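Here the protein sequences line up with chains P and H, keeping their order.
Just add 246 to the spot in the first sequence (first one is 1) and you have the numbering used here.
Just add 1073 to the spot in the second sequence (first one is 1) and you have the numbering used here.
For reference, the structure is listed below as structure tokens.
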Amino acid sequence: MQNEVYSLCFMCSVRCPIKVSVENGQVKWIEGNPHVPGIEGSLCPRGAAGISLLNDTERLQSPMIRTGPRGSGKWKKANWDEALDMVAGRLNEIIEKHGGHSVAFGERTNLSTHVSKTFMKAIHSPNHFTHDALCKGSVNTACRSLFGLTDAQMGMDYKNARQIILYGRNVFEAIEVKGVNAISDAMESGARLTYIDPRVSVTATKAHRYWMIRPGTDLALNYALIHVILNEHLYDTEYVNRWVLGLRELREFVRPYTPQWAEQETGIPAEEIVKLAREVSKDKPSVIFHMGYRGASHVNEIYLRRSILILNALMGSIEAKGGYFFKKGPGEVGGKPARKLIDQDLPKVDAPRFDKVGTADFPLPDPSHGVGQMLPFAILNEDPYPVKALIANRFDPLMSIPDANLTKQALEKLDLIVTIDINFSDIAWYSDVILPESIYLERTDCIQQANGLKPQMFLRRQAIPPRYDTRPAAVIIKQIAERLGIGGYFPFETMEDLVRWQLEGTGFTIEDFDAKGFVAYTNKQILWDRKDGIQFKTPSKKIELVSSLLEDAGFESFPAYEPVPSDSNGRFRLTIGRCALHTHVSTQNNPYLSEIVPENVLWINSRRAAELGINNGALVEVSSSRGSGRIKAYVTDFIHPETVFMLHGFGHEAQSATRSFNKGVSDSALLENVSDKIGGSPALHDTFVTVKPV
Amino acid sequence: MSRYYLFQDAKKCIGCHSCEVACKANKNLPVGPKLCQIITVGPKLIGNLPKSGYTFMPCFHCENPWCVAACPTGAMQKREKDGIVFVDESICVGCKTCMSACPWGAPQWNAETGKVVKCDYCKDRVDAGLKPACVTLCTTHCLHFGKPEAVPQIRRERYARAMTSLD
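What follows is the structure in structure tokens.
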């Protein structure tokens, strides 16, 4: 018996389309979906390691109930009824005593997020949050402040770009296969790549221009670029006159931020800054100043992200060939999107969110994602009210929220911690009940509404039955809901039922996905008319440089630049990032991926290392105000002297994940939990550390 | 030499190691042996730009393979019809002579089986009309496989584009 199943990868959150070959109930091979342009068979190494995940005997295999103290690793295997009854029973008690809002549900955004959001509304809790804020909350807010639309509603036409400028957006290591190929194709046709990062990543080695910027000063660089562009009239006059509000105020604001001033701050020669502005403007509007995938570095992150987006606005590259475009939904061609459970008539929830998003305290972050890093504070301070239970679905607060010790103290206060996961994550290790999820090859998932230049729908299809006693998260949530008496909101038994329900009224059936794994609403690319058709969703229907969103909430559109001093105590700014082999905190225990990158190391500048007596490969102790750890030094000229760098996602504490346990250091153990209080991202690059030989 | 040509367009390669993982997944290999491998050299400043090399190292399928000559049992063989050099694991006794003989380090040790394992250009896939696993999954399509005369003239075309002015 041999068959092929079109599906979607889930080794990271990009969801590349895949083709899975199954023989006698075993997955024999996974490749990129050959029918999808930009994929055509390709998969990144994480996608290639899907079979390694499937075969991994260390992944979660059955429900488990804790029998020793939290984190002791003492468990008993349970059957599903026992585990679900226990979770529902405890939730019921907590809800009765403290109200539905005392329950929080955190997850990595996924195709079934509408199921968990429905669950939370049904129990009268506003406290659903995703990992998004931790990654890019401020990018989202920055986009809304300028365009009235979120970053998720925007895409980039890399393939036709002539200039691509990346601020630490490490496109060739934090891989998105289609994007990599589109950029690669653009470069092959002559596009110029500029890469700005205090560290030489793989992307730096592929760029036409590389600037080792002083860490934390990208904003100064951008203000100088804007200064030159306005001074020399290098912007797209027609576009700016038609669509941009606040140019006068911007011009006034950037007047003092000359290239010479920026040189002092950034270390980039003034004439180089002028040269970039002139060179890029020749290619407008086919220019992409990349807004970033992760935008969570500094407490003023929103202004950095706004400055990047403003550069695009000046180039006229918003809704342009070779620039940015707004993603078009099926409505553009008279089609209907798949239904979501959250569209049902659900109870109205009045309580404020645990993170206070949407209140005067934290008005601007996107409430549909919330601000996850506020969870420890909410629990510890019982502010705005006590939170008593956490359900963590494929999201690990211990490794993803800065200051793991603080998070641990907060978790200690909870009456119930439930984890839905595929691996022994640190949060699973620390939970009361573990509900194991079937991996992406073993389950069908909800419809992916893939908006873009051509609106499409993709579907993740089950390729083989679950190997162990696991279930899809959406089914698990439904089964908890049934036990809480709210099962009526979940009109399905299987994932296939749910997909059929979603597709009702769209004109498509689940069988339509058999041939290629996706369906398209149209074959034509949709770009709005640049003269009159761009549908900005700001109150003015224009690009608001002076932002009503910000100003109405009491924030400035153009606050004065605050200089970034070098640390006078000889400390380093800690920076973190990605490699091609790992996804966030979730793949470090994969046999094939850990074979190639088994641990993180600490990049440190050669001169600084010599001063400290640190040799390449030596063990060092890295310490912050929050914690410390031991890690191997990677001594190199290719990192700025003011910063040290480590890969995110290492230093796991779950002992049952033997390949990742205690390998390297977790940045969450070192980072301070500080945030951009306007945009919503944590400031992951605003913690200073000392490094010393061991 | 084999009748095939495996070409890495190094300019496009991003050193992501997808080829290595794809190879292991296809052959269901344990941790340890790497039948192909990306070796990163650098970074190094060339002019004022940092550059790295990401070099793809499979088996070269030599015309006169020393591993075959060295193998005492006849497990290491060169396939008559197309010159693919492969090891028949059922005959391999794990003596590692081929590993010593190969100047490029292509034969690898599989600790699980106690035998040698080596790149065979995925000959079962090739026989089925497919490309080797590494080439199929390569993130950037920088790996190319086929008859030498059919492999695209990427470098020549790129150079021509760079030096031809239409002004």
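Even glycine gets a Cβ: it sits at the ideal position worked out from N, Cα and C.
These numbers come from a predicted model, not from an experiment.
Other residues of its chain near residue i: CB distance less than 8 Å, five sequence neighbours each side excluded
{"i": "Ser786/P", "result": "Leu491 and Ser794"}
{"i": "Lys777/P", "result": "Arg488"}
{"i": "Asn416/P", "result": "Asp443, Ser447, Val448, Thr449, Gly823 and Arg824"}
{"i": "Ser298/P", "result": "Asn836, Pro837, Tyr838 and Leu839"}
{"i": "Pro635/P", "result": "Strictly speaking, residue 635/P in this sequence is Ala, with Pro absent from that position. Closer than 8 Å at the Cβ level, and outside the excluded window around Ala635/P, lie Arg336, Leu337, Ile340, Ser348, Val349, Ala350, Leu660, Asp661, Leu662, Ile663 and Val664."}
{"i": "Met1236/H", "result": "none"}
Backbone CA spacing between residue i and residue j [nearest angstrom]
{"i": "Asp945/P", "j": "Pro531/P", "result": "Coverage of chain P is limited to positions 247 through 940, which leaves residue 945/P absent and any answer about it impossible."}
{"i": "Lys586/P", "j": "Gly345/P", "result": "26 Å"}
{"i": "Pro609/P", "j": "Glu547/P", "result": "16 Å"}
{"i": "Pro505/P", "j": "Ile519/P", "result": "6 Å"}
{"i": "Phe934/P", "j": "Pro809/P", "result": "16 Å"}
{"i": "Cys1215/H", "j": "Glu1222/H", "result": "17 Å"}
{"i": "Glu484/P", "j": "Gln694/P", "result": "37 Å"}
{"i": "Ile842/P", "j": "Val1158/H", "result": "26 Å"}
{"i": "Ala508/P", "j": "Ile564/P", "result": "26 Å"}
{"i": "Trp849/P", "j": "Asn861/P", "result": "12 Å"}
{"i": "Pro1176/H", "j": "Ile1111/H", "result": "17 Å"}
{"i": "Ser430/P", "j": "Gly538/P", "result": "18 Å"}
{"i": "Ile722/P", "j": "Tyr549/P", "result": "41 Å"}
{"i": "Gly779/P", "j": "Leu1102/H", "result": "55 Å"}
{"i": "Tyr807/P", "j": "Asn386/P", "result": "21 Å"}
{"i": "Asp1161/H", "j": "Val273/P", "result": "25 Å"}
{"i": "Lys1188/H", "j": "Cys1171/H", "result": "11 Å"}
{"i": "Pro291/P", "j": "Cys1089/H", "result": "7 Å"}
{"i": "Thr1186/H", "j": "Ser914/P", "result": "40 Å"}
{"i": "Gly875/P", "j": "Glu867/P", "result": "6 Å"}
{"i": "Phe764/P", "j": "Leu705/P", "result": "6 Å"}
Cutoff 7 Å: residue i Cβ touching any chain P Cβ
{"i": "Ala1095/H", "result": "yes"}
{"i": "Leu1210/H", "result": "yes"}
{"i": "Gly1227/H", "result": "According to the sequence shown, residue 1227/H is Ile rather than Gly. Chain P contact via Cβ: absent."}
{"i": "Ile1087/H", "result": "yes"}
{"i": "Ser1091/H", "result": "yes"}
{"i": "Pro1106/H", "result": "no"}
{"i": "Pro1138/H", "result": "no"}
{"i": "Lys1220/H", "result": "no"}
{"i": "Lys1117/H", "result": "no"}
{"i": "Ser1238/H", "result": "no"}
{"i": "Pro1123/H", "result": "yes"}
Below-7 Å beta-carbon distance, residue i vs any chain H residue
{"i": "Ser418/P", "result": "For the record, residue 418/P in the displayed sequence is Phe; it is not Ser. Interface residue, yes."}
{"i": "Cys262/P", "result": "no"}
{"i": "Phe907/P", "result": "no"}
{"i": "Cys290/P", "result": "yes"}
{"i": "Ala961/P", "result": "With chain P covering 247 to 940 only, the question about residue 961/P has no answer from this structure."}
{"i": "Phe884/P", "result": "yes"}
{"i": "Ala295/P", "result": "yes"}
{"i": "Ile842/P", "result": "yes"}
{"i": "Tyr838/P", "result": "yes"}
{"i": "Ser430/P", "result": "yes"}
{"i": "Thr821/P", "result": "no"}
6 Å Cβ shell around residue i - same chain, five flanking residues per side excluded
{"i": "Pro613/P", "result": "Val603 and Gly604"}
{"i": "Thr941/P", "result": "What is shown of chain P runs 247 to 940, which leaves residue 941/P out entirely."}
{"i": "His360/P", "result": "Lys586, Leu587 and Ile588"}
{"i": "Pro598/P", "result": "Thr605 and Pro630"}
{"i": "Lys1204/H", "result": "Phe1218"}
{"i": "Asp378/P", "result": "Thr355 and His615"}
{"i": "Tyr767/P", "result": "Pro576, Val579, Gly581 and Pro701"}
{"i": "Val941/P", "result": "Lying before the first or after the last residue shown, residue 941/P is absent from chain P, which here runs from 247 to 940."}
For residue i: DSSP bridge partner residues
{"i": "Asn639/P", "result": "Glu353/P and Ile666/P"}
{"i": "Gly698/P", "result": "Lys574/P"}
{"i": "Met433/P", "result": "Paired residue(s): none; Met433/P is not in a bridge."}
{"i": "Gly1126/H", "result": "Val1114/H"}
{"i": "Lys1151/H", "result": "Val1158/H"}
{"i": "Ile264/P", "result": "Ser253/P and Gly278/P"}
7 Å Cβ shell around residue i - same chain, five flanking residues per side excluded
{"i": "Gln399/P", "result": "Phe572 and Lys573"}
{"i": "Ser684/P", "result": "Pro712, Thr716, Arg717 and Pro718"}
(request) Note down, one range per segment and in chain order, each beta strand (DSSP E) of at least 3 residues found wholly within the region 843–900 of chain P. (result) 847–851, 865–869, 874–882 and 889–893
(request) With a floor of 4 residues, list each alpha helix (DSSP H) that falls wholly inside the region 898–922 of chain P, ordered by position along the chain. (result) none
(request) Only counting runs of 3 or more residues, tell me where the beta strand (DSSP E) segments fall wholly within the region 484–549 of chain P, in order along the chain. (result) 533–535
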